[in-house]
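Residue numbers (our numbering): 24 to 221. Where a beta carbon is used, it is the ideal one built from N, C-alpha and C, also for glycine.
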C-alpha cells in the first residue's frame, strides 16, 4: 500500500500503526515537501492526508476509511476489534473533534493570527476540554482502555495527545486522568516507532 502523508500527522500515524499491527507493508510518500504536495493533489481532490493507494487503481481517502479497508482485508491482528461498533464510533468521533479543534488553533497560531481571547478560540479550547473530560469518564480497567485493550479509540487518543504535545497545540497535562491510558500503550513498538519528532 502506498500511503500519502507526513510522519507528524496524527491521522497518518494511526493508519501507520494499524497497518503495522495487521502486517500491511507501507510505502510512505512524504507530502511535506512541495513535490509531495504535488503528488497528493494529483491523486486526491480534497488535498488532505492520509490517502492510500491500495492497488488496482483504487484510492482511499481519510484515515478511518483506510483503517476500515485494512481491517476488512487483513483483520485486526493483535488489536482489539470493536465490541460495540457504535460506541467505538462515538469515541473516535469525539477524539477527532478534539484533534480538529487543536489543529485549527495550531495553524492559526502558526500564521501569527491574533486569536488569543477570541470567542472562536475559547470555544475550541472549551470543546477540547469537554471532550477529554467525557473521554475520561468512558475509561475502564484503571483508566488504561475504553473496554477491551488497544483498539482504534485507544490508539487514536494516544496519537492525538502525542501530536498536541509535539506541536504545543493544547496543554494535555490539564487532563491527568488520560495519562494511564497513554502510559499503558505509549511504548508499544508500533506507537513508539511512529511517535512524532523534529
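Straight-line gap, residue 185 to residue 219 (C-alpha atoms, nearest Å) = For the purposes of this step, residue 185 is taken as the residue at position 162 of the chain shown. For the purposes of this step, residue 219 is taken as the residue at position 196 of the chain shown. If you take the alpha carbons of residue 185 and residue 219, they lie about 7 Å apart.
Residue range of the unbroken alpha helix (DSSP H) whose run includes residue 192 = Position 169 of the chain shown, counted from the first residue, corresponds to residue 192. DSSP places residue 192 outside any alpha helix (DSSP H), giving it a letter other than H or E.
Cβ pair residue 174, residue 102 closer than 8 Å = The count along the chain shown starts at 1 and reaches residue 174 at position 151. The count along the chain shown starts at 1 and reaches residue 102 at position 79. With contacts defined by Cβ atoms closer than 8 Å, residue 174 and residue 102 form a contacting pair.
Under 8 Å between C-beta atoms of residue 89 and residue 73 | Here residue 89 corresponds to residue number 66 of the chain shown, with the count starting at 1. Here residue 73 corresponds to residue number 50 of the chain shown, with the count starting at 1. The Cβ-Cβ distance between residue 89 and residue 73 falls below 8 Å.
Pick from 215, 194, 159 and 110: whose alpha carbon is nearest that of residue 204?
-> In the chain shown, the residue the question calls residue 204 occupies position 181. The residue with the shortest Cα to Cα distance from residue 204 is 159.
Shorter than 8 Å from the beta carbon of residue 169 to some beta carbon of chain C?
-> Included in the structure is just one protein chain, with no chain C present.
Which residues bound the alpha helix (DSSP H) around residue 77?
-> For this step, residue 77 is matched to residue 54 along the chain shown. Unbroken run through residue 77 is the beta strand (DSSP E), 74-78; no alpha helix (DSSP H).
Given a threshold of 16 other Cβ atoms within 10 Å of its Cβ, counted over all protein chains shown, does residue 143 qualify as buried or as exposed?
-> Here the question's residue 143 lines up with position 120 in the chain shown. Exposed, by the Cβ-count rule.
For residue 24, the nearest candidate out of 61, 78 and 200 (CA to CA) = Along the chain shown, read from residue 1 onward, the residue named residue 24 stands at position 1. Nearest option by C-alpha distance: 78.
Can you tell me which of the three DSSP states residue 28 falls into?
-> The count along the chain shown starts at 1 and reaches residue 28 at position 5. For residue 28, the secondary structure class from DSSP, reduced to helix, strand or coil, is strand.
For residue 47, which of 107, 28, 94 and 34 has the nearest alpha-carbon?
-> By 1-based counting over the chain shown, the position of residue 47 is 24. The residue among 107, 28, 94 and 34 with its C-alpha nearest the C-alpha of residue 47 is 94.
When you compare only the Cα positions, how much space is there between residue 167 and residue 31?
-> On the chain shown, residue 167 is found 144 positions in, with the first residue counted as 1. On the chain shown, residue 31 is found 8 positions in, with the first residue counted as 1. In a straight line, the C-alpha of residue 167 is about 24 Å away from that of residue 31.
Roughly how many whole angstroms lie between the Cα atoms of residue 131 and residue 116?
-> Here residue 131 is taken as the residue at index 108 of the chain shown, counted from 1. Here residue 116 is taken as the residue at index 93 of the chain shown, counted from 1. Their backbone Cα atoms lie some 23 Å apart in a straight line.
Around the C-beta of residue 141, are 16 or more other C-beta atoms found within 10 angstroms, so that it is buried, or is it exposed?
-> Residue numbering aside, residue 141 sits at position 118 when the chain shown is read from its first letter. Result: exposed.
Leaving out the 5 sequence neighbours to the left and right, which residues in its chain are closer than 7 Å to residue 147 when beta-carbon positions are compared?
-> Position 124 of the chain shown holds residue 147. Close CB contacts of residue 147 within its chain, under the 7 Å cut and outside five residues either way in sequence, are with 124, 127 and 128 (chain order).
8 Å Cβ cutoff met for residue 153 and residue 111 | By one-based count along the chain shown, residue 153 stands at place 130. By one-based count along the chain shown, residue 111 stands at place 88. No; because the gap between Cβ atoms is not below 8 Å, this pair is not in contact.
Between residue 68 and residue 122, is the Cβ-Cβ spacing less than 8 Å?
-> Residue mapping note: residue 68 aligns to position 45 of the chain shown, counting from 1. Residue mapping note: residue 122 aligns to position 99 of the chain shown, counting from 1. Their beta carbons are not under 8 Å apart, which means residue 68 does not touch residue 122 by this criterion.
Under 7 Å Cβ to Cβ from residue 44, same chain only, skipping five residues before and after it: list those, please.
-> Translated into the one-based positions of the chain shown, residue 44 becomes position 21. Cβ neighbours of residue 44 beyond the five flanking positions: 100, 101, 102 and 213.
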